[in-house]
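All letters in the sequence shown, in the order written, are residues 1 to 429 by the UniProt record's numbering. Worksheet: one structure, shown below.
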Amino acid sequence: MASAVHQNCHRLLGLLLRPLPAPGPHPRLSFSPRPAGVRSFFPAPGCRLGTDAVALAEPELVPPEEEEEEDEDARFVVVTFYKFVPLEDPRAEVASHLHFLQGRDIHGRIYLNEQGINAQYSGPRKDAAAYADWVKKDHRFHDMLVQTSPALAGHAFPRLKLRYKPSLVQLEGGSLHLPLLDPSMRAMPLTPSKWKERLEARASLDDVSSSEMSGRKLLLLDVRNDYEWDVGHFEGSQRPNVDCFRSTSFGLSGEVSDPLNGVDKEKTDILMYCTGGIRCDVYSTILRKKGFQNLYTLEGGVSNYLKAEGPAGWVGNLFVFDGRLSLPPATFRRPACWPSSSSSSSEEEEQKQRWVGRCYACGSEVVELRHRNCANIDCNRLYMSCGWCAEALAGCCCSDCKAAPRLRPLLPGYQRYLKWHVYRDGLDC
1 MASAVHQNCH RLLGLLLRPL PAPGPHPRLS FSPRPAGVRS FFPAPGCRLG TDAVALAEPE
61 LVPPEEEEEE DEDARFVVVT FYKFVPLEDP RAEVASHLHF LQGRDIHGRI YLNEQGINAQ
121 YSGPRKDAAA YADWVKKDHR FHDMLVQTSP ALAGHAFPRL KLRYKPSLVQ LEGGSLHLPL
181 LDPSMRAMPL TPSKWKERLE ARASLDDVSS SEMSGRKLLL LDVRNDYEWD VGHFEGSQRP
241 NVDCFRSTSF GLSGEVSDPL NGVDKEKTDI LMYCTGGIRC DVYSTILRKK GFQNLYTLEG
301 GVSNYLKAEG PAGWVGNLFV FDGRLSLPPA TFRRPACWPS SSSSSSEEEE QKQRWVGRCY
361 ACGSEVVELR HRNCANIDCN RLYMSCGWCA EALAGCCCSD CKAAPRLRPL LPGYQRYLKW
421 HVYRDGLDC
């Protein structure tokens, strides 16, 4: 029996790691791309949204009478919040939080250290709200902004990770040495409405005569990763040349591609934004120490802006670091705050027409703004792909990766790969 299992294991590995043809002269396009001008919709099998592209782009509004019939407490949501506040004994805080969550259905990432807390988690609304309410009962967190969004397919995280972590965000060298507890060292937060005003004023500042008169400039800085920008961004922001926040070097590298290279630190207003706000708060302290004086951040990040102001100035979807990956602006909308006139629907329709994603391999339009990981274990690039390229490249991002020795199988739709070690450990069986 053991011999048969051993043979089957090797047979399976032979299929996964079979030799593949050598790459052609053009790594990303050594196959026949799909017809020009054709848009690709690549749905995720098993998703509770089904294959209805319209439902994903703009969730159907449920009549109030039907809404009341559903069990609100059982609906799954994703909750995010963070707060910089001194914690004398963060490990004791971790134990207290773990005790409270016993018996509650919560999955996600919750980190605490001497500088505060950073939490992203999913669960039934009743449990998710109970934890946030419990945290806010502590006077140190009473004014903390808590953001909630729907998780239609259940948990958006595989399990709960609640622990002490030296850095609340992934940053080279950690963050404990940064003055995060000093509000004056962080960027000045702007409410969504004030941010919108700045975006509207930016057009006039870009005018030469206006800039000469005011003597000031305004720079929009996306403090995220390149693949996040690809899914959606504020108009006028430059695509970040980074694929991991820990390697961000805006204002530090001196490279020509650095959007802050050569910027007048005294006369330039720098408007920073990220998904939920914490990365801007952290990175603004680095820029402040480098002499940048006029730093502003979007309070609550893009998710808070989309909830309050809608997609004004925003194009595309919002990338999120959980199982949902990409959320349309309508996910965050709050009808009472959005314009109720026909201009609102026309604005959304205009946004759809002016923005589509691009396939990483062939550059063609992709309506479904969702990512996949490269099947090459040693690449694992997060990228957008059309259906044609996903099939032709066997789930890889380019022909070089398709010829790599260690490949995972092509997964249908947008299923997620297991952890790397699952495939690597298989080499020893």
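Ideal Cβ positions, reconstructed from N, Cα and C, are used throughout, including at glycine.
As the crow flies, the alpha-carbon of Thr331 is around 7 Å from that of Ser149. Leaving aside the five residues that flank Pro158 on each side, the residues in its chain whose CB is nearer than 7 Å to its CB run, in chain order, His107. DSSP places Asn380 in the coil class of the three-state scheme, outside both helix and strand. Put simply, the backbone Cα of Val77 is about 10 Å away from that of Asp127. The alpha carbon of Leu220 has as its nearest neighbour, out of Leu98, Pro90, Cys386, Tyr273, the alpha carbon of Tyr273. Looking at the DSSP output, His107 bridges to Ser122. Bounds of the beta strand (DSSP E) holding Asn373 are 371-373. Gly262 counts as exposed, since fewer than 16 other beta carbons sit within 10 angstroms of its beta carbon.
Restricting attention to Gly173, Ala201, Gly277, Lys83, the CA atom closest to the CA of Gly313 is found in Ala201. For the 8 Å CB-CB criterion, Asn376 and Cys389 do not form a contact.
For Ser247, the three-state secondary structure derived from DSSP is helix. Rounded to whole angstroms, the gap between the alpha carbons of Thr248 and Tyr296 is 18 Å. Following the DSSP letters along the chain, one finds Pro189 inside the beta strand (DSSP E) bounded by residues 188-190. The beta carbon of Leu318 sits closer than 6 Å to those of Gly232, Val302, Leu327, all from its chain and outside the five residues before and after it, given in chain order. A straight line joining the alpha-carbon of Leu176 with that of Phe250 spans about 20 Å. The count of Cβ pairs closer than 8 Å, one atom from the segment 183-203 and one from the segment 275-284, reaches three, so the stretches are in contact. The shortest CA-to-CA distance from Glu197 to any of Tyr305, Tyr360, Arg333 is the one to Tyr305.
With a beta-carbon spacing of about 13 Å, Asp222 and Asp243 fall beyond the 8 Å limit used to define contacts. Residue range 226-231 is occupied by the alpha helix (DSSP H) that includes Val231.
Each residue's CA atom was taken as its position, placing His155 and Gly123 some 6 Å apart. Judged by DSSP secondary structure, Val77 falls within the beta strand (DSSP E) whose first and last residues are 76-84. Bounds of the alpha helix (DSSP H) holding Leu306 are 301-309. Counting along the chain, Asp264 sits inside no beta strand (DSSP E), nor does DSSP assign it H or E at all. Around the CB of Asp230, 16 or more other CB atoms lie within 10 Å, so the residue is classed as buried. Annotated three-state conformation of Met144 is coil, per DSSP. Judged by DSSP secondary structure, Thr297 falls within the beta strand (DSSP E) whose first and last residues are 295-298. By the criterion of a C-beta distance shorter than 6 Å, Asp269 is surrounded in its chain by Leu218, Asn294, once the five residues flanking it on both sides are discounted.
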